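Engineer:
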Amino acid sequence: MNGICALCTKDRKLRGSHFMPKAVYRSLSKGFPDHGENIVLISGGDKSAAYSDKQAKKHLLCESCESMFSKYGEDKVISLMARPGGFKLATKIRKFKELSRLNDEAWYFPPGEGLAFNFMYFAVSIAWRLSSADWTSYGLSETKNSLWLENMDSFSEFLLGGSEIPENTYLAVYVDNQTVDTPLMSFPTFKDHASYQHVVFEIPGIKFSLVAGKNPGEGVREIYSVNKTNVYFVSRNLKSHPDYQFMVNFLKHEAIAKARLAKELGITV
Numbered sequence: 174m175n176g177i178c179a180l181c182t183k184d185r186k187l188r189g190s191h192f193m194p195k196a197v198y199r200s201l202s203k204g205f206p207d208h209g210e211n212i213v214l215i216s217g218g219d220k221s222a223a224y225s226d227k228q229a230k231k232h233l234l235c236e237s238c239e240s241m242f243s244k245y246g247e248d249k250v251i252s253l254m255a256r257p258g259g260f261k262l263a264t265k266i267r268k269f270k271e272l273s274r275l276n277d278e279a280w281y282f283p284p285g286e287g288l289a290f291n292f293m294y295f296a297v298s299i300a301w302r303l304s305s306a307d308w309t310s311y312g313l314s315e316t317k318n319s320l321w322l323e324n325m326d327s328f329s330e331f332l333l334g335g336s337e338i339p340e341n342t343y344l345a346v347y348v349d350n351q352t353v354d355t356p357l358m359s360f361p362t363f364k365d366h367a368s369y370q371h372v373v374f375e376i377p378g379i380k381f382s383l384v385a386g387k388n389p390g391e392g393v394r395e396i397y398s399v400n401k402t403n404v405y406f407v408s409r410n411l412k413s414h415p416d417y418q419f420m421v422n423f424l425k426h427e428a429i430a431k432a433r434l435a436k437e438l439g440i441t442v
């Protein structure tokens with residue numbers, strides 16, 4: 174269909190753009206034998222959980238902008254996520270220069286600007302999609318225009334190639350250091366703070382924590398002050414992360430199982 178591209182704002186033929194990359198869905202459905210045919214969609218909007226292979230997508234981008242999203246972000250990042258045959262990023266970061274280590278968590282510098290750029294581009298593209306369209310028909314909460322105008326302007330300029338790093342934007346890429354036996358993909362969620370916004374989402378084995386705003390706090394500025402790429406890679410056990418524990422508790426105690434999942438849980442409980 175023809176329309177106005179949400180990124181370049183030109184009147185062009187629009188592609189069916191996925192919110193989360195199609196390759197992630199494909200990896201989940203075909204790559205993990207024990208989970209692929211039984212993907213559970215957990216919705217915080219109506220507190221439900223059900224089997225679903227429905228993919229969130231809209232006619233949002235023209236072919237040129239869609240290609241940039243793939244070339245500079247998705248193609249590089251998705252190839253490194255956890256798969257049944259191995260987890261390339263988990264192996265790769267062991268060779269990165271270490272910044273600090275505390276208990277289970279180790280922070281690493283990216284090896285040059287190329288990889289940092291790809292991960293930043295990917296994270297920003299997902300955050301941009303969060304705010305650029307209405308995804309409520311897919312069971313998500315209302316997020317259109319959720320990012321502040323200054324963040325959206327900065328993100329759009331970066332995604333179109335007008336800047337190397339979006340201003341006042343910082344990214345931590347958490348990499349699971351355990352066997353990824355329960356693959357997860359989470360749609361991005363955001364939280365407003367006084368002078369910055371925080372966007373978090375996950376693909377198998379990798380958790381993205383993106384902070385954007387004029388004043389993200391002294392702690393963030395200090396830790397990123399020695400890193401001109403504004404990107405760190407963090408090795409840790411993702412199942413011990415508070416977000417994972419929150420999801421498990423939500424699924425156990427709050428989410429309402431629907432359709433086939435409800436029947437199966439009824440049989441097994």
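Start counting at 1 in the sequence shown, then tack on 173, and there's your number in our numbering.
We put the beta carbon where it would ideally sit given N, CA and C, even for glycine.
These figures come from a predicted structure and were not determined experimentally.
At what residues does the beta strand (DSSP E) containing Gly189 begin and finish?
Structural biologist: Counting from one through the sequence shown, the residue named residue 189 turns up at place 16. Counting along the chain, the beta strand (DSSP E) containing Gly189 begins and ends at Asp184 to His191.
Engineer: Report all residues from its chain with a CB closer than 6 Å to the CB of Ser319; omit the five preceding and five following residues, and keep chain order.
Structural biologist: The residue you call residue 319 lines up with position 146 of the sequence shown. The residues are Ser304 and Phe363.
Engineer: Going by beta-carbon coordinates alone, are Ala263 and Asn350 separated by less than 8 Å?
Structural biologist: Working through the sequence shown from its first residue, we reach residue 263 at position 90. Working through the sequence shown from its first residue, we reach residue 350 at position 177. Taking 8 Å as the Cβ cut-off, Ala263 and Asn350 qualify as a contacting pair.
Engineer: Any beta carbon from chain B within less than 8 Å of Asp365's own beta carbon?
Structural biologist: The question asks about chain B, but that chain is absent: this structure has only one protein chain.
Engineer: Buried or exposed for Ala222, please, with buried defined as at least 16 other CB atoms from any protein chain shown within 10 angstroms of its CB.
Structural biologist: One-based indexing of the sequence shown puts residue 222 at position 49. Here Ala222 scores only 48 on pLDDT, less than 50, and its place in the model is too uncertain to base an answer on.
Engineer: What is the residue span of the beta strand (DSSP E) that Val443 lies within?
Structural biologist: Because residue 443 is not part of the residues shown, which for the chain are 174 to 442, the question remains open.
Engineer: Along the chain, which unbroken stretches of the beta strand (DSSP E) at least 3 residues long are found entirely within the stretch 273-325?
Structural biologist: Runs found: 278-281.
Engineer: Can you give the Cα-Cα distance for Lys244 and Gly287, rounded to whole angstroms?
Structural biologist: Counting from one through the sequence shown, the residue named residue 244 turns up at place 71. Counting from one through the sequence shown, the residue named residue 287 turns up at place 114. Rounded to the nearest angstrom, the two C-alpha atoms are 13 Å apart.
Engineer: Going by the beta-carbon positions, is the gap between Glu375 and Ser359 smaller than 8 Å?
Structural biologist: Within the sequence shown, the letter at position 202 stands for residue 375. Within the sequence shown, the letter at position 186 stands for residue 359. Yes. Within cutoff.
Engineer: Between Glu278 and Val399, is the Cβ-Cβ spacing less than 8 Å?
Structural biologist: Here residue 278 refers to the residue found at position 105 when the sequence shown is read from its first residue. Here residue 399 refers to the residue found at position 226 when the sequence shown is read from its first residue. It is not a contact, given that the beta carbons lie outside the stated cut-off.
Engineer: Hey, could you find the ends of the alpha helix (DSSP H) Phe360 is sitting in?
Structural biologist: Indexing the sequence shown from 1 puts residue 360 at position 187. Unbroken run through Phe360 is the beta strand (DSSP E), Ser359 to Asp365; no alpha helix (DSSP H).
Engineer: I'd like to know whether the C-beta atoms of Val250 and Asn291 end up nearer to each other than 8 Å.
Structural biologist: Position 77 of the sequence shown holds residue 250. Position 118 of the sequence shown holds residue 291. For Val250 and Asn291, yes; Cβs fall inside 8 Å.
Engineer: Alpha carbon to alpha carbon, how far is Asp307 from Ser314? Give it in angstroms, no decimals.
Structural biologist: Reading the sequence shown from its first residue, position 141 is the one you call residue 314. Reading the sequence shown from its first residue, position 134 is the one you call residue 307. Their backbone Cα atoms lie some 9 Å apart in a straight line.
Engineer: What number of angstroms, rounded off, separates the C-alpha of Pro283 from the C-alpha of Leu383?
Structural biologist: Here residue 283 corresponds to residue number 110 of the sequence shown, with the count starting at 1. Here residue 383 corresponds to residue number 210 of the sequence shown, with the count starting at 1. C-alpha separation (whole angstroms): 16 Å.
Engineer: Which word fits Ile299, buried or exposed, when buried means at least 16 other C-beta atoms lie within 10 angstroms of its C-beta?
Structural biologist: Here residue 299 is taken as the residue at index 126 of the sequence shown, counted from 1. When all chains shown are included, Ile299 counts as buried.
Engineer: If you follow the beta strand (DSSP E) that Lys231 is part of, which residue opens it and which one closes it?
Structural biologist: Taking the sequence shown and counting its residues from 1, one reaches residue 231 at position 58. First-last of the beta strand (DSSP E) with Lys231: Lys230 to Cys235.
Engineer: At the level of alpha carbons, what is the spacing between Ala345 and Gly258?
Structural biologist: Reading the sequence shown from its first residue, position 172 is the one you call residue 345. Reading the sequence shown from its first residue, position 85 is the one you call residue 258. Each residue's alpha carbon lies about 25 Å from the other.
Engineer: Quick one: residues in its chain with C-beta nearer than 6 Å to the C-beta of Lys387, no 5 flanking neighbours on either side, listed in chain order?
Structural biologist: For the purposes of this step, residue 387 is taken as the residue at position 214 of the sequence shown. Around Lys387: Asn341 and Ser368.
Engineer: How would you write the range of the alpha helix (DSSP H) that Val348 sits in, first residue to last?
Structural biologist: For the purposes of this step, residue 348 is taken as residue 175 along the sequence shown, with counting starting at 1. Here Val348 belongs to no alpha helix (DSSP H); instead the beta strand (DSSP E) covers Thr342 to Asp349.
Engineer: Round the Cβ separation of Lys230 and Ser200 to the nearest angstrom and send it over; I've been treating them as touching at under 8 Å.
Structural biologist: Reading the sequence shown from its first residue, position 57 is the one you call residue 230. Reading the sequence shown from its first residue, position 27 is the one you call residue 200. At roughly 17 Å, the Cβ-Cβ gap does not stay under 8 Å, so Lys230 and Ser200 are not in contact.
Engineer: Figure out for me which residue from Pro377, Ala385, Thr352 and Gln228 has the closest Cα to the Cα of Tyr311.
Structural biologist: Walking along the sequence shown from the start, residue 311 turns up at place 138. It is Gln228.
Engineer: Per DSSP, what kind of secondary structure is Ile338 in: helix, strand or coil?
Structural biologist: The sequence position of residue 338 within the sequence shown is 165, counting from 1. Correct three-state label for Ile338: coil.
Engineer: Here's the rule I'm using: 16 or more other beta-carbon atoms within 10 Å means buried, otherwise exposed. How should Gln370 be labelled?
Structural biologist: The residue labelled residue 370 in the question sits at position 197 within the sequence shown. The residue is buried, with at least 16 neighbouring Cβ atoms inside 10 Å.
Engineer: Identify, in the order they occur along the chain, each residue of the same chain with its Cβ nearer than 7 Å to the Cβ of Glu239, setting aside the five sequence neighbours on each side.
Structural biologist: Residue 239 sits at position 66 when you count from the first residue of the sequence shown. So the list reads Arg188 and Ser190, once near-sequence residues are dropped.
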